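Trainee: For what it's worth, this note's numbering labels the leading residue of the sequence shown as 4, then goes sequentially. Heads up, the beta-carbon is just placed ideally off N, CA and C, and yes, glycines get one too. Please read these numbers as outputs of a predicted model, since none were measured by experiment. The structure that follows is given in the form of structure tokens.
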Amino acid sequence: MKRYFLLSYLLLLTGALFAQGINFDHGTWKEVLAKAKAEDKLVFVDVYTSWCGPCKKMVAEVFPLKEVGDVFNANFVNYKIDAEKGEGIAIAKQFGVKSYPTYLFVNGDGVLVYRSGGYNPGKIFLNEAAIAIKEKHDPKPLAMWDDEYSGGKRDKAFLMGYLKKRAVVKAPNGEILEQAFPLLGKEDLSNKEFLTTILAFDPNMTFVPGGKFYSYVIEHHKEIDGLIGKREGYVLSLMDAGMQQYFTNDIIKNNKEQMLPVMLASKKKVMELTKRDEIDATLKGLVMNYYKGTKNAKKLVPAAIDYVNNGLMKLDIPGKIAADKEEYQKKRAPYVTGKEDSTKVEGWASMQRVMAKPRMLDLSYKLRDAAQAIYGTVDDPKMLAQALEWVKLAEGYFPHFSTEAVYAGLLFKTGRKQEAVEMMMKASEDGFIKGGDKQKLLLSNVSKIKNSEAPEQLW
Numbered sequence: 004m005k006r007y008f009l010l011s012y013l014l015l016l017t018g019a020l021f022a023q024g025i026n027f028d029h030g031t032w033k034e035v036l037a038k039a040k041a042e043d044k045l046v047f048v049d050v051y052t053s054w055c056g057p058c059k060k061m062v063a064e065v066f067p068l069k070e071v072g073d074v075f076n077a078n079f080v081n082y083k084i085d086a087e088k089g090e091g092i093a094i095a096k097q098f099g100v101k102s103y104p105t106y107l108f109v110n111g112d113g114v115l116v117y118r119s120g121g122y123n124p125g126k127i128f129l130n131e132a133a134i135a136i137k138e139k140h141d142p143k144p145l146a147m148w149d150d151e152y153s154g155g156k157r158d159k160a161f162l163m164g165y166l167k168k169r170a171v172v173k174a175p176n177g178e179i180l181e182q183a184f185p186l187l188g189k190e191d192l193s194n195k196e197f198l199t200t201i202l203a204f205d206p207n208m209t210f211v212p213g214g215k216f217y218s219y220v221i222e223h224h225k226e227i228d229g230l231i232g233k234r235e236g237y238v239l240s241l242m243d244a245g246m247q248q249y250f251t252n253d254i255i256k257n258n259k260e261q262m263l264p265v266m267l268a269s270k271k272k273v274m275e276l277t278k279r280d281e282i283d284a285t286l287k288g289l290v291m292n293y294y295k296g297t298k299n300a301k302k303l304v305p306a307a308i309d310y311v312n313n314g315l316m317k318l319d320i321p322g323k324i325a326a327d328k329e330e331y332q333k334k335r336a337p338y339v340t341g342k343e344d345s346t347k348v349e350g351w352a353s354m355q356r357v358m359a360k361p362r363m364l365d366l367s368y369k370l371r372d373a374a375q376a377i378y379g380t381v382d383d384p385k386m387l388a389q390a391l392e393w394v395k396l397a398e399g400y401f402p403h404f405s406t407e408a409v410y411a412g413l414l415f416k417t418g419r420k421q422e423a424v425e426m427m428m429k430a431s432e433d434g435f436i437k438g439g440d441k442q443k444l445l446l447s448n449v450s451k452i453k454n455s456e457a458p459e460q461l462w
């Protein structure tokens with residue numbers, strides 16, 4: 004209710020006439036920050052990619068709305084960056100952008116004040132703007148909390164406030180939650196407002212595998228779901244996603260091999276509680292990804308072989324094929340009978356490809372990832388030949404430009420240059436990427452291979 008009152012007040016303040024929709028600045032990042040500082044505004048940054056569907060939907064449906072333009076043009080310096088091009092690459096990395104679209108609200112000093120993301124209908128998007136403006140005028144911004152934390156402040160009231168503040172601006176909280184947990188009493192852990200705030204989904208959230216909060220959630224997950232009004236299994240799914248982020252951004256990044264068994268045990272427990280299947284293959288995949296991420300070629304090779312031979316290839320592949328076929332026939336039935344018209348479905352051809360083989364697509368991608376891990380880390384001819392066999396299987400299960408690009412890279416590394424050129428050309432002609440930046444990248448890779456240069460980014 005407070006947020007919608009703030010939004011109404013904001014709309015009254017910004018009732019002046021502007022060009023319909025959001026007006027975006029086109030200067031450099033440095034120039035945009037300087038402008039924001041001079042005008043005492045936040046920079047609203049739309050972080051997108053060329054292939055992101057929700058990004059395009061926001062551009063088509065929400066950014067052009069007059070009421071959205073009125074608020075954003077009056078209160079922000081608006082800026083767009085492609086996370087895969089130019090300055091956008093460094094900016095996205097600086098602010099830890101993991102999903103698209105992400106919306107950053109940054110002050111003139113380049114300090115993050117608020118963030119949100121995803122497709123938002125107009126009313127919700129305006130509400131996010133209202134929160135950002137409220138955060139801008141907060142007498143104790145996140146930077147001040149960060150300074151106090153860096154200075155050693157660790158009392159219970161401070162840590163609880165710091166956790167909530169970081170959750171609001173969607174900053175990772177895993178390590179801080181571990182420090183705070185021993186100080187929290189029963190009343191704190193049954194405080195709906197506190198738990199709802201720190202357990203709101205965000206792509207940047209982190210939870211420490213095997214940590215104090217993890218152990219509490221494992222024991223009390225049903226109670227927590229009920230307290231915060233979520234479906235059963237919500238907090239376990241959240242824990243799973245947060246542990247994965249911690250695995251990538253801390254355990255792998257900082258080469259904490261001693262945490263790998265802890266991660267595996269924690270992941271297994273969450274998967275068992277949520278009744279997930281393919282647990283063994285998933286755990287073997289984590290081991291492979293750890294050694295891929297730490298560029299440990301010696302340990303990556305046996306891990307990748309174990310993942311494929313004793314994980315993926317032990318799955319019920321005939322069962323997956325049969326289930327895909329049965330499911331596809333059911334989904335396709337309304338179009339066959341004429342109840343639905345496929346000519347009115349945007350991107351029908353691509354959608355039908357995915358709809359026909361979702362399980363085999365998933366298996367294909369996992370085989371592709373194993374092959375790509377070898378391509379990027381290993382130079383041993385025998386292992387490259389083995390990876391080539393994996394990617395052949397992947398391509399047979401579900402043809403896709405990414406698989407074909409990895410296939411081409413491995414062909415090149417195994418001395419089959421002309422075949423590599425042809426395969427990379429085939430990848431560039433996939434209907435999924437026609438006319439897009441991915442197609443340009445693959446065509447660039449064709450040129451690199453012709454010049455006897457191994458592409459670093461395959462797809």
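Give the straight-line distance between the Cα atoms of Pro175 and Met246, rounded to the nearest whole angstrom.
Mentor: Using only the alpha carbons, I get a separation of about 11 Å.
Trainee: Would you call the CB atoms of Asn252 and Thr209 closer than 8 Å?
Mentor: Yes, these two residues count as a Cβ contact at 8 Å.
Trainee: If you follow the alpha helix (DSSP H) that Phe415 is in, where does it begin and where does it stop?
Mentor: 404-416 is the extent of the alpha helix (DSSP H) around Phe415.
Trainee: Given that a residue counts as buried once 16 or more other Cβ atoms are within 10 Å of its Cβ, and exposed if not, what is Val357?
Mentor: Exposed, since its Cβ has fewer than 16 Cβ neighbours within 10 Å.
Trainee: In its own chain, which residues sit with a C-beta less than 6 Å from the C-beta of Glu459, not counting the 5 before and 5 after it?
Mentor: None.
Trainee: Mind listing, in chain order, the continuous beta strand (DSSP E) runs of no fewer than 3 residues lying wholly within the region 137-166?
Mentor: Fully enclosed beta strand (DSSP E) runs of 3 or longer: not present.
Trainee: Looking only at its own chain, which residues have a Cβ that is under 7 Å from the Cβ of Ala376, when we skip the five neighbours before and after it?
Mentor: The residues are Met291, Lys295, Leu303, Ala307.
Trainee: Start and end of the beta strand (DSSP E) containing Ile92?
Mentor: From DSSP, Ile92 is part of no beta strand (DSSP E) but of the alpha helix (DSSP H) over 89-97.
Trainee: Measuring only the C-alpha atoms, how far is Tyr237 from Leu414?
Mentor: Near 44 Å, if we compare the C-alpha coordinates of Leu414 and Tyr237.
Trainee: Cα-Cα, which of Glu343, Gly99, Pro104, Tyr103 is closest to Gln248?
Mentor: Out of Glu343, Gly99, Pro104, Tyr103, Gly99 has the C-alpha closest to the C-alpha of Gln248.
Trainee: Label Phe47 either buried or exposed according to how many other C-beta atoms from any shown protein chain fall within 10 Å of its C-beta, with 16 as the threshold for buried.
Mentor: Counting Cβ neighbours within 10 Å, Phe47 comes out buried, since at least 16 surround it.
Trainee: My guess is that Trp318 and Tyr293 are in contact by the Cβ rule of under 8 Å, so how many angstroms apart are they, rounded?
Mentor: It is Leu, not Trp, that sits at residue 318 in the sequence shown. 21 Å between Cβ atoms; not a contact.
Trainee: Among Val172, Leu166, Lys173, which one has its Cα closest to the Cα of Leu186?
Mentor: Of the listed residues, the one whose Cα sits closest to Leu186 is Leu166.
Trainee: Spell out a yes or no on whether the region 324-334 and the region 377-391 are touching, meaning 3 or more CB-CB pairs, one atom from each, closer than 8 Å.
Mentor: Not touching, per the Cβ criterion.
Trainee: Quick check on Tyr122: does DSSP put it in helix, strand or coil?
Mentor: Three-state result, Tyr122: coil.
Trainee: Using the Cα positions of Tyr219 and Met354, report the straight-line distance between them to the nearest angstrom.
Mentor: So the alpha carbons of these two residues sit roughly 41 Å apart.
Trainee: What is the DSSP secondary structure of Tyr249, reduced to helix, strand or coil?
Mentor: The answer is helix: DSSP assigns Tyr249 an H, G or I state.
Trainee: Which of the three DSSP states, helix, strand or coil, is assigned to Leu461?
Mentor: The answer is coil: DSSP assigns Leu461 none of H, G, I, E or B.
Trainee: Would Leu276 and Leu315 be called neighbours here (beta carbons separated by less than 8 Å)?
Mentor: Contact flag unset, no.
Trainee: What does the alpha-carbon distance come out to for the pair Phe66 and Gln389?
Mentor: So the alpha carbons of these two residues sit roughly 49 Å apart.
Trainee: Pull up the CB-CB distance for Pro57 and Pro104, whole angstroms please, since I reckon it's below 8 Å.
Mentor: With 8 Å as the limit, Pro57 and Pro104 qualify as a contact, their Cβ atoms being about 6 Å apart.
Trainee: State the Cα-Cα distance for the pair Val171 and Tyr117, rounded to the nearest angstrom.
Mentor: Spanning the two alpha carbons is a distance of roughly 7 Å.
Trainee: Can Ile25 and Asn81 be called in contact, C-beta distance under 8 Å?
Mentor: Yes, the Cβ-Cβ distance between Ile25 and Asn81 is below 8 Å.
Trainee: By the DSSP assignment, the alpha helix (DSSP H) with Tyr103 in it spans what residues?
Mentor: Run containing Tyr103: none; DSSP gives neither H nor E here.
Trainee: So, for Leu202: in the same chain, excluding its five sequence neighbours on each side, which residues have a beta-carbon less than 7 Å away from its beta-carbon?
Mentor: Here the set comprises Ile231, Val238, Leu241.
Trainee: Find the nearest neighbour of Lys301 within the set Lys437, Leu129, Trp393, Thr380, judged by alpha-carbon distance.
Mentor: When each option's Cα is compared against that of Lys301, the closest is Thr380.
Trainee: Quick check on the burial criterion: 16 or more other C-beta atoms within 10 angstroms. Buried or exposed for His224?
Mentor: Buried, since its Cβ has 16 or more Cβ neighbours within 10 Å.
Trainee: Go ahead and pull the three-state DSSP assignment for Asn292.
Mentor: Helix at Asn292.
Trainee: DSSP has Val80 in a bridge; who is on the other side?
Mentor: Note: Val80 sits in a beta bridge opposite Val46.
Trainee: Between the alpha carbons of Asp205 and Lys173, how many angstroms are there, rounded?
Mentor: In a straight line, the C-alpha of Asp205 is about 6 Å away from that of Lys173.
Trainee: Can you find the residues in the same chain that come closer than 7 Å, C-beta to C-beta, to Lys453, ignoring five residues on each side of it along the sequence?
Mentor: Val424, listed in sequence order.
Trainee: Could you give the C-beta distance for Ser450 and Gln442, rounded to a whole number, given that I count them as a contact under 8 Å?
Mentor: About 13 Å separates the two Cβ atoms, so there is no contact after all.
Trainee: So, Leu370 versus Val339, is the Cβ gap smaller than 8 Å?
Mentor: Contact flag unset, no.
Trainee: Cβ atoms of Ala408 and Leu445: under 8 Å apart, would you say?
Mentor: Yes.
Trainee: Nearest to Gly439 by alpha carbon, out of Ser53, Lys40, Lys33?
Mentor: The shortest C-alpha separation from Gly439 is found at Ser53.
Trainee: Using the beta-carbon count (16 or more within 10 Å), is Asn448 buried or exposed?
Mentor: With 16 or more Cβ atoms within 10 Å of its Cβ, Asn448 is classed as buried.
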